[in-house]
Each structure stands twice: as structure tokens, then as C-alpha cells.
Amino acid sequence: MFFRKCWKCLDQWAFGGYQEILGNRRRNTLLALDALAEVAEISNPEALSRAHREWIEEALSNEGRQRDEIWTKSVAVGSEQFVLKVQDCLGVRGKSREVTANGDAFVLQESPEIYEANLNPENPAIAPNNSILWENVS
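Going by our numbering, the letters in the sequence shown line up with residues 46 to 183, in that order.
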């Protein structure tokens with residue numbers, strides 16, 4: 046939310062790798078931009094900088110504001126090895142969660158059955174006359 050409201054001032058954002066990817070930070074760098082460009086299959090750090098700016102602008106535009114449920118409804122998203130490691134780190138809490146493939150990623154999600162005991166639509170409906178008018182409460 047904060048980022049969306051302040052996206053116009055990202056050039057002043059001092060935290061994270063944003064400035065470094067843009068090439069504005071020359072001293073005390075943390076990112077290996079050549080390696081990052083290679084992993085992203087981009088020819089060089091300058092092209093990475095341009096692509097990164099476009100990705101940020103697209104994500105913050107009106108078209109990019111849709112909710113992506115793979116990220117918002119999952120405990121972990123990534124490679125199978127990463128997701129299984131997160132599941133293992135959760136211990137007992139991870140045992141009831143499912144690891145499934147979703148496109149080229151794996152996700153760790155809660156099993157929907159956990160909530161069905163309380164939210165099952167087969168539960169009887171609440172009686173229509175179950176309200177009290179506040180004016181009648183003394």
C-alpha cells in the first residue's frame with residue numbers, strides 16, 4: 046500500500062536493492078548485478094536496470110494491481126526443494142499443508158478441509174428472527 050502511494054518517489058527510496066539495480070549506488074554495493082542479470086537471462090546490468098524499472102512501473106500501474114492468489118493464499122511459493130524445506134521448518138504445523146505444482150512453481154497451502162468443520166454450507170441456517178433491536182435493550 047505504502048509503495049503504491051509513493052511509487053513516484055522511488056528514486057529517493059534508500060532501502061532494498063532498488064537504487065543499486067538502477068545503477069545509482071556505486072559504493073558499498075550488496076548485489077552482484079552481473080550475476081543477477083545472468084540469472085534473469087538479461088544481457089547486461091544496464092538492460093537489467095531498464096527491465097527492472099519497467100517491471101516496477103507495470104506492477105504499480107492500474108493493470109498490475111490485481112491480486113495474484115498464488116502469492117496471497119500460499120504459505121510458500123518457489124522451487125519444490127524450497128517449498129519442501131519451508132514445510133519441514135514448520136514442523137507439526139507444516140504436516141497438514143499440501144505441496145502442489147502450480148505452473149512452473151510449487152506452492153505450500155493450507156488444506157481447505159481444515160476450515161470445513163466450522164464453515165460447511167450444510168450447517169443449518171441461522172433463524173431469521175435472531176436479532177435484537179438496540180432501542181429495546183435497557
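By construction, the Cβ of each residue, glycine as well, lies at the ideal position given by its N, Cα and C atoms.
Rounded straight-line distance, which links the Cα of residue j to that of residue i
i      : j      : result
Val128 : Glu114 : 16 Å
Lys140 : Gln126 : 16 Å
Ala104 : Ala77  : 24 Å
Val131 : Thr117 : 16 Å
Val122 : Arg70  : 30 Å
Arg72  : Arg142 : 44 Å
Val111 : Ile87  : In the sequence on display, residue 111 carries Gln and not Val. Those two C-alpha atoms are separated by around 26 Å.
Ser183 : Gly136 : Here Ser183 scores only 36 on pLDDT, less than 50, and its place in the model is too uncertain to base an answer on.
Glu155 : Asp79  : 38 Å
Asn89  : Cys134 : 36 Å
Arg138 : Asn147 : 22 Å
Ala10  : Gly61  : Outside the displayed span of the chain (46 to 183) sits residue 10, for which this structure offers no information.
According to DSSP, residues forming a beta bridge with residue i
i      : result
Ala150 : Asn147
Asn122 : Looking at the sequence provided, one finds Val at residue 122 rather than Asn. Paired residues: Val152.
Buried versus exposed call for residue i [16 or more other C-beta atoms within 10 Å across all chains shown]
i      : result
Trp179 : Caution applies to Trp179, whose pLDDT of 46 falls short of 50 and renders its modelled position unreliable; the model cannot decide the point.
Supposed contact pair residue j and residue i - C-beta distance, whole angstroms, cut 8 Å
i      : j      : result
Ser119 : Leu153 : 6 Å
Ser94  : Leu67  : 5 Å
Ignoring anything shorter than 4 residues, give me the alpha helix (DSSP H) runs that lie fully in the stretch 76–110, in order along the chain.
The qualifying runs are 78–84 and 90–105.
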